[in-house]
Every structure is written in structure tokens, then in C-alpha cells.
Amino acid sequence: MARLEIILLGAAIFIFAFAGVFAGMGYSGNEAIATHYMTEGEWSDASCGGCHFTAPDHVATNTHIQRDIGEWDPLTNFDIEVEGEDEWVKNFGAYHPGGGELEAYGVDVDCMICHEQYGEYGFDARAELFAAGDFENANAAAMEAANIKVQQDTIRKITYVGNAVTPLPLLLLFHDSVNGAPVKESCSDNCHVTNVETTAVTWASEDYHKFDAHADVNCVECHEISQSSMFVKQDLENIHEVEAETKSCDDPGCHKGISHGPIVDAHETVACESCHIPALPGGDLGGVIPLASFDWSNGERVDSYKDDSFEPVLAWSNGIEGHELPATDGRGEDGVLLEPFNVVTGIWWDAGINSEIVSSPDTSNEIGDAIPVSDVKAADSNDDGVVTADEMRSFDGDIDGNADYPNAVLRTVELYYKLSHNIASSEVGLAGPLACADCHGSTANAIDWESIGFISDPAETDPPTDFTLKDIGVTIPGAKPPEVEREPAF
Numbered sequence: 449m450a451r452l453e454i455i456l457l458g459a460a461i462f463i464f465a466f467a468g469v470f471a472g473m474g475y476s477g478n479e480a481i482a483t484h485y486m487t488e489g490e491w492s493d494a495s496c497g498g499c500h501f502t503a504p505d506h507v508a509t510n511t512h513i514q515r516d517i518g519e520w521d522p523l524t525n526f527d528i529e530v531e532g533e534d535e536w537v538k539n540f541g542a543y544h545p546g547g548g549e550l551e552a553y554g555v556d557v558d559c560m561i562c563h564e565q566y567g568e569y570g571f572d573a574r575a576e577l578f579a580a581g582d583f584e585n586a587n588a589a590a591m592e593a594a595n596i597k598v599q600q601d602t603i604r605k606i607t608y609v610g611n612a613v614t615p616l617p618l619l620l621l622f623h624d625s626v627n628g629a630p631v632k633e634s635c636s637d638n639c640h641v642t643n644v645e646t647t648a649v650t651w652a653s654e655d656y657h658k659f660d661a662h663a664d665v666n667c668v669e670c671h672e673i674s675q676s677s678m679f680v681k682q683d684l685e686n687i688h689e690v691e692a693e694t695k696s697c698d699d700p701g702c703h704k705g706i707s708h709g710p711i712v713d714a715h716e717t718v719a720c721e722s723c724h725i726p727a728l729p730g731g732d733l734g735g736v737i738p739l740a741s742f743d744w745s746n747g748e749r750v751d752s753y754k755d756d757s758f759e760p761v762l763a764w765s766n767g768i769e770g771h772e773l774p775a776t777d778g779r780g781e782d783g784v785l786l787e788p789f790n791v792v793t794g795i796w797w798d799a800g801i802n803s804e805i806v807s808s809p810d811t812s813n814e815i816g817d818a819i820p821v822s823d824v825k826a827a828d829s830n831d832d833g834v835v836t837a838d839e840m841r842s843f844d845g846d847i848d849g850n851a852d853y854p855n856a857v858l859r860t861v862e863l864y865y866k867l868s869h870n871i872a873s874s875e876v877g878l879a880g881p882l883a884c885a886d887c888h889g890s891t892a893n894a895i896d897w898e899s900i901g902f903i904s905d906p907a908e909t910d911p912p913t914d915f916t917l918k919d920i921g922v923t924i925p926g927a928k929p930p931e932v933e934r935e936p937a938f
């Protein structure tokens, strides 16, 4: 009995000592200290750090926050050296969770951009303040609606008052309903709706469940969270390694052990996605339309769109985005698999300094030296809205008597964006998963064999095989056998 009393006493002391960190946080009218109490979305060493004492170190090294904001991208064509870092923050800061390079602008890590659970996070309100240059108040603006909803909730009010007496036990009752693990809407609605342009993802669409068999899977179930970094398994020096750190289809807990029969299973260099992403939707997908092309040739981006459904392009990939531009790998390279891609054509002016780009402007995977769009617009000497090669090469922006870009070249590059979503099953998707006849035989139209390094279809036979007669089955280990109805014996 004495031993039990000692254990209970020790447990009580531990709980109240640990809970003391939260003793001053109760919502009891003291607004000065209540601002840090979960609903304001601000980090506090006193309140949050009591439990999440390693979070600052992990956050400081995670790949979402440690983005290289100076990295050039053909879609945005933003030259940070010319336009300035302040302009980058105004234009793109809303897609950054804060911290990192945004600390200098008074923007702390906004935990709630991922962890707010009411669906009230005001991404647009945050973006408006970034665009206006009011960086320090941007995070708070995003939480105004959520704060009101949480603080007016009857259960929360009772908990806030009681928290001053026994904070930790009550806190644990509702913590995850206010600040929980990220759900897929945290990713799709706040930042990654922009992925629709390049990969035709449908997570922003009301019909998401019709397009993707994984619509009910949270992003973090595949893009794993660990103690060392958010959404990846370990701290990474190069954020382009992230793609290789996500779960694969045959990982334990996913589809490990599933068989499609000996012939299909022997296709070890074909990724599951190649067959299970047979088609992609076009048109309006939650306010964004997949791009067919974008053109910066006259100083402003002009887009064309894919308004109808379309098929991906199959090509080789080693799973790591190691190229400067979105590109594919070659047959026979280490670790490559055949994977589906969406191809978007990008057009922009390059200064012509890189010899590889000068000789192969449309096929080189080098970023090169993109000419700032402000200079491209200024090069239109006759103001007809069209910038010619002569105008670009003779442009003298600093008026020193010498052309700024005498070797300028207009690049037209096919950019390959790898696909992982819009997974089709027998019941979900724009089309059923690819069958043998889609890639082999006279009916094949899903693959260009020459483009992936083959002279012809490697399954070609004489006389030709009718692959339409080949069915692909599925065997799931441990699956419940089909029930057989029988007539009663008596």
C-alpha cells in the first residue's frame, strides 16, 4: 500500500510540475497571456515548449522552411538579384510557412498554416498582407476567423477557465482538435493548389474522390513526419532529395505483398504509377487549370491550357530531382524506373552565356542565365508587344553603348513533371489502370518505345500476340476469401 501511495504521489507531483509550464495560459480575461494559448497560432517557449521542447531545432532544419528563395524557376521566372528579395517575399511569401529567410522580415514560423484544425485558416488574408508589405502581421491575419470560432466554443471556454487549476490534463483533452497533425486540406488548400498547373492534381476539386483512389489518405501518411524533419525521414542537405524519401507503394502498411501475377510482377523497372495513372483531367480543377505551355518571350507570361483530359508521358526517372530543370533520366541509369510525367512547354529568353544552352537551347537541362522579364519588356523597341531576336540582342539597358545580351537565345523547353497522384483503381479514376494491350501489340497507344530507348516493342512477336486477351489479376496477401453461397444440406 505504501508503495502504491508513493507511486501515486510521484505521478501527481510530476503532472503538476510539468503542467506548471501552462499555469498562466488559461483564458480567464488576461489577454496579455492568453494570446499565446493555442488559438492565436503563435509559438511560445513558455506554453508550447513545455511539451514540444525539441520542435525549434527540428523546425529550423526542415525542408519547407529552409527553402532557397533565390532558386530560379521557369514558371515564375523571378530573378531575385534584379527584382530584389523584398519583392520575392511580397509575391511568394504566402507560400512560405515563415522562419528561415523570412525571419529577417519579422515573419516567424506559422505553425497553424499546417496544424489548424477548424478549416478556418485564412490563407488569402495572409497573402494580402504579404502583397501589401505588412509582413509582421501576416500570420495573425490568417488566424482571425479561427480565433473567434475557437474562443467562442463552449467546451473551449470551460477548458480555458479550468486550465488555470489543472492545465495539462485538460489541455490533452482537446489539444489535437485545435492544433493537430496536418490533414490533407492543410497542404492542398493553403499552398499546394499551385501543383495543379504542372501535375493536374485534383485535391482542390470538389470531385477529388472520383479521380484519386488515395483521396482519403492524408499527405503525411506517405510524406512521413519524423523527429528530424517535417515530411521526410531525415534531415536533408539538399531538398531535392525529398522525392526519394516518401513511402513507396510496396512499403509495409501500404501495398506490400500484392501480386498481379508472374508476368506483370516481372516488370520490376515499371513503377506502379505508370499503369495506375492512365489519364489526367483537364479544365478547371478547383480554380486552377493544368498548363499546356507558358511563354515569357514578350516579357509577360502567356499561358495555354489543357481543357480536356489527357494521357501522361512515360519516361525514366531515378526518383530524385537531380536536374536543374524538370527532366527525365535515361534507360539503364542507376535506379531508374518507368514513371508517368506531365509535359509542359516553357518558353523564355536566355543570355546565351552557357555554351551548352547556346548549342542546344531547347534540349539542355541547364538553367542557364534567364534574362529578367523587366529587360525583355524594355527590349521591345517599337512597342508592338513582340520581342524579336534582334531587339533582344541589341538591347542596351544601361546605355553604355554595348548590347547587354548580344548572344541572347529564345528557349523552348519541354519540362517533365513527375506524377504521383490521381491514382486509378478498378472503381476510381478517369480510366481503368493500363492493361497489357495498352503498351504491347497492335493496340498499344500508351507508350512511345523509341523515346525510352527501345528500337521497338520488346514484347513484339511473330506472329503477333493478341494482348487484348491478357487479363491482369490481383492477389492480396491475407485477404478474406470470397464467400460462396451454398444450398443448406437439410
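In terms of this note's numbering, the sequence shown is residues 449 to 938. Positions of the beta carbon are idealized from the N, C-alpha and C atoms, including for glycine. Since the model is a prediction, treat every value here as computed from it, not as a measurement.
So what does residue i bridge to, in DSSP terms?
| i | result |
| --- | --- |
| Pro-788 | Leu-762 |
| Gly-794 | Phe-742 and Val-861 |
| Glu-564 | Asn-627 |
| Asp-818 | For the record, residue 818 in the displayed sequence is Ala; it is not Asp. Bridge partners of Ala-818: Asp-798. |
| Ser-707 | Thr-923 |
| Leu-728 | Phe-758 |
Once the 5 residues before and after residue i are set aside, which same chain residues still bring their CB inside 7 angstroms of it?
| i | result |
| --- | --- |
| Ile-815 | Trp-520, Glu-772 and Leu-773 |
| Val-557 | Trp-491, Val-507, Ile-513, Pro-545, Gly-546 and Gly-547 |
| Ile-895 | Leu-762 and Cys-887 |
| Gly-518 | Ile-528 |
| Lys-866 | Ser-765, Glu-787 and Phe-789 |
| Thr-694 | Cys-670 and His-671 |
Let's test the definition: count the other Cβ atoms within 10 Å of the Cβ of residue i and tell me whether it reaches 16, buried, or not, exposed.
| i | result |
| --- | --- |
| Ile-725 | buried |
| Leu-728 | buried |
| Phe-679 | Confidence in Phe-679 is poor, its pLDDT being 41 and thus under 50, which makes the residue's placement unreliable; the coordinate value appears in the next sentence. Flag for Phe-679 reads buried. |
| Thr-811 | exposed |
| Lys-704 | exposed |
| Leu-882 | buried |
| Phe-902 | exposed |
| Asp-755 | exposed |
| Ile-920 | exposed |
| Thr-909 | exposed |
| Asp-831 | exposed |
| Asp-823 | buried |
| Leu-444 | There is no way to answer for residue 444, as the model of the chain reaches only from 449 to 938. |
| Lys-825 | exposed |
From which residue to which residue does the alpha helix (DSSP H) around residue i run?
| i | result |
| --- | --- |
| Phe-915 | Segment: none, Phe-915 is in no alpha helix (DSSP H) and carries neither H nor E. |
| Asn-587 | 586-590 |
| Asn-553 | A small fix is needed here, since residue 553 is Tyr in this sequence, not Asn. First-last for Tyr-553: undefined, no H or E at that position. |
| Ala-885 | 884-887 |
| Ser-634 | 632-636 |
Beta-carbon within less than 8 angstroms of residue i's beta-carbon, same chain only, minus the 5 sequence neighbours each way: which residues are those?
| i | result |
| --- | --- |
| Ala-652 | Ser-636, Asp-637, Val-641, Val-644, Leu-733, Gly-734, Gly-735 and Val-736 |
| Leu-878 | Phe-659, Pro-726, Ala-727, Leu-728, Pro-729, Ser-757, Asn-870 and Ala-872 |
| Asp-844 | Asn-850, Ala-851 and Asp-852 |
| Val-806 | Gly-800, Asn-855 and Val-857 |
| Asp-782 | Asn-766 |
Which two residues bound the contiguous beta strand (DSSP E) that contains residue i?
| i | result |
| --- | --- |
| Leu-863 | 857-866 |
| Asp-751 | 750-753 |
Taking only three categories from DSSP, how would you classify residue i?
| i | result |
| --- | --- |
| Ser-812 | coil |
| Ser-842 | helix |
| Ser-873 | coil |
| Pro-615 | Residue confidence for Pro-615 is low, a pLDDT of 49 falling below 50, so the modelled location carries little weight; the figure read from the coordinates is stated next. Pro-615 falls in the helix class under three-state DSSP. |
| Ile-481 | With a pLDDT of only 34 at Ile-481, under the threshold of 50, the placement of this residue in the model should not be trusted, and no figure is reported. |
| Val-665 | coil |
| Val-507 | helix |
| Asp-823 | helix |
| Val-446 | Past the boundaries of the shown model lies residue 446; the chain is included only from 449 to 938, so the question cannot be answered. |
| Val-644 | helix |
| Asp-777 | strand |
| Asp-582 | coil |
| Val-530 | helix |
| Val-950 | No answer is possible for residue 950: the residues shown for the chain start at 449 and end at 938. |
| Val-718 | strand |
| Gln-600 | coil |
| Asp-713 | helix |
| Asp-655 | coil |
| Val-806 | helix |
| Phe-571 | helix |
| Cys-670 | helix |
Could you name the residues of the same chain whose beta carbon sits closer than 6 angstroms to that of residue i, not counting the 5 residues immediately before and after it, in chain order?
| i | result |
| --- | --- |
| Ala-590 | Tyr-569, Gly-570, Ala-573 and Arg-574 |
| Ala-692 | Because the pLDDT at Ala-692 is just 38, under 50, the model does not fix this residue reliably, and the value given afterwards should be weighed accordingly. For Ala-692, where only same-chain residues beyond five positions count, the Cβ hits under 6 angstroms are Gly-767 and Ile-768. |
| Pro-925 | Gly-705 |
| Ala-667 | Checking the displayed sequence, the identity of residue 667 turns out to be Cys instead of Ala. Around Cys-667: Lys-632 and Cys-635. |
| Leu-550 | His-544 |
| Val-750 | Asp-743 |
| Val-649 | Asn-643 and His-869 |
| Phe-915 | Cys-884, Ala-885, His-888 and Gly-889 |
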